[in-house]
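Here the structure is laid out as structure tokens; the discussion comes afterwards.
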DNA sequence: GCCAACGTTGGC
DNA sequence: GCCAACGTTGGC
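Residue numbers (the working numbering): 123 to 276.
Right, dumping it as structure tokens:
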């Protein structure tokens with residue numbers, strides 16, 4: 123297998139939390155409706171790539187878990203579901219607009235690595251999280267991944 | 001709840 | 001193709 127990259131995926135814990143993922147083990151990462159985020163899932167994510175799991179709009183916000191990319195990209199089924207808030211009338215089964223991957227649980231971190239802590243750490247100043255704060259699926263450098271996992275050990 | 005950042009839409 | 005209006009994200 124080609125060497126993959128590391129990623130960060132965001133979720134509001136009231137919507138879908140690390141505990142939900144720990145229980146379900148694996149979930150289709152539905153509802154992403156941003157083209158940059160979609161392109162990462164469709165074009166760059168590889169099965170087995172590590173992904174930090176980030177709680178946004180939380181108290182505090184921060185990285186709370188480690189997951190893994192668990193599937194090839196495929197169309198987000200919710201774009202075809204008229205009752206879903208993620209329904210997209212401009213998409214079709216013949217030419218689906220939104221692609222996703224499955225995300226699988228690896229571990230809950232021993233403690234949260236908060237956004238404040240990330241902002242204050244010199245090795246993490248260049249993180250996409252701080253530069254592209256609204257992007258919900260984003261790349262993480264290998265060195266950044268290692269620093270965050272080490273911080274989580276306390 | 002406020003608001004800054006920024007992506008999307010649509011008129012022209 | 002420009003850009004104003006609008007909607008969403010997410011920190012605080």
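By construction, the Cβ of each residue, glycine as well, lies at the ideal position given by its N, Cα and C atoms.
Please report the Cβ distance between residue 165 and residue 190, rounded to the nearest whole angstrom; I am assuming they are in contact, meaning their Cβ atoms lie under 8 Å.
About 18 Å separates the Cβ atoms of residue 165 and residue 190, ruling out a contact at the 8 Å cut-off.
Nonlocal neighbours in the same chain, by C-beta distance under 7 Å from residue 153, ignoring five residues either side
200 and 208
Where residue 184 and residue 192 are concerned, what is the direct C-alpha to C-alpha distance, given to the nearest angstrom?
22 Å
Candidates 245, 219 and 176: which alpha carbon is nearest residue 231's?
176
Would you check if the distance between the CB atom of residue 283 and the CB atom of residue 235 is smaller than 9 Å?
The structure shown has nothing for residue 283, since the chain only spans 123 to 276.
Out of 224, 250, 173 and 150, which has the shortest C-alpha to C-alpha gap to residue 130?
173
Provide the residue span of the alpha helix (DSSP H) that contains residue 159, from first to last.
157-161
Extent of the continuous beta strand (DSSP E) to which residue 224 belongs:
For residue 224, the enclosing beta strand (DSSP E) covers residues 224-236.
Return the Cβ separation of residue 188 and residue 229 in integer angstroms, given the expectation that the two are a contact with Cβ distance under 8 Å.
5 Å
Do residue 245 and residue 262 count as a contact pair if the criterion is CB distance below 9 Å?
Taking 9 Å as the Cβ cut-off, residue 262 and residue 245 do not qualify as a contacting pair.
Please confirm whether residue 160 and residue 225 have their CB atoms less than 9 Å apart.
no
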